[in-house]
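For reference, the structure is listed below as structure tokens.
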Amino acid sequence: MCVLEVERLPNNRGTRVTLVDGFMQPHLKSYHQKLMKIDMFRKDARVFKVTVWDSKNRSVAKPRFLAGAVYEVKKIHGVKFYHNVLQGSVQAVGSPTPDIIVEFGNFESAKRARLDNNEEDNPNPGDEEQKEREEVDDEFEDML
Numbered sequence: 001m002c003v004l005e006v007e008r009l010p011n012n013r014g015t016r017v018t019l020v021d022g023f024m025q026p027h028l029k030s031y032h033q034k035l036m037k038i039d040m041f042r043k044d045a046r047v048f049k050v051t052v053w054d055s056k057n058r059s060v061a062k063p064r065f066l067a068g069a070v071y072e073v074k075k076i077h078g079v080k081f082y083h084n085v086l087q088g089s090v091q092a093v094g095s096p097t098p099d100i101i102v103e104f105g106n107f108e109s110a111k112r113a114r115l116d117n118n119e120e121d122n123p124n125p126g127d128e129e130q131k132e133r134e135e136v137d138d139e140f141e142d143m144l
């Protein structure tokens, strides 16, 4: 997802991030201007807002999110519609699980990394079934 807007929560315990599709990154300025011109209902239908709660030892000196950057955010919980805006929240933790929020240089590298990661971590069970069918077909042909 590509960051459209970032704002610090009033209680200073987290950040509210407004996200759009990652493929909008090259056109982010013009897309943001178009969103500002349309009414709130239509704008809210095109964005996703995530509240990232800080860990207790979070330093606020360096901002976690930059507008225009592409991030992959995992383990979002509490995803719901609130006043017609899709929202969710995630607990940002420190070193134990640093892979919850991953920053990418652009959308293409994020897409490539996700494809590489899915092939290693989550093999498609249909692929195994297809291989088994091919093996059975080969054995059957050998018998003929």
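The sequence shown begins at 1 in UniProt numbering and counts up one residue at a time.
For each residue, glycine too, the CB sits at the ideal point set by N, CA and C.
Residue i - partner residues in DSSP beta bridges
i: Tyr-71; result: Glu-103
i: Gln-33; result: Paired residues: none, contrary to the question.
i: Gly-88; result: Val-50
i: Gly-14; result: Trp-53
i: Leu-66; result: Per DSSP, none; premise fails for Leu-66.
Reduced DSSP category for residue i - H, G, I as helix; E, B as strand; rest coil
i: Glu-5; result: strand
i: Phe-81; result: strand
i: Leu-28; result: helix
i: Val-20; result: strand
i: Asp-44; result: helix
Contact check, residue i vs residue j, beta carbons under 9 Å
i: Ala-67; j: Phe-104; result: no
i: Val-52; j: Arg-64; result: yes
i: Val-20; j: Leu-9; result: no
i: Arg-13; j: Asp-39; result: no
Presumed contact (8 Å Cβ cut-off) between residue i and residue j, rounded CB distance
i: Val-90; j: Val-73; result: 6 Å
i: Tyr-71; j: Met-24; result: Not really, about 13 Å apart at Cβ, beyond 8 Å.
i: Thr-18; j: Leu-4; result: 5 Å
i: Gly-88; j: Ile-76; result: 4 Å
query: Would you call the segment 45 to 56 and the segment 72 to 86 touching, i.e. three or more CB-CB distances under 8 Å?
result: Yes, they touch.
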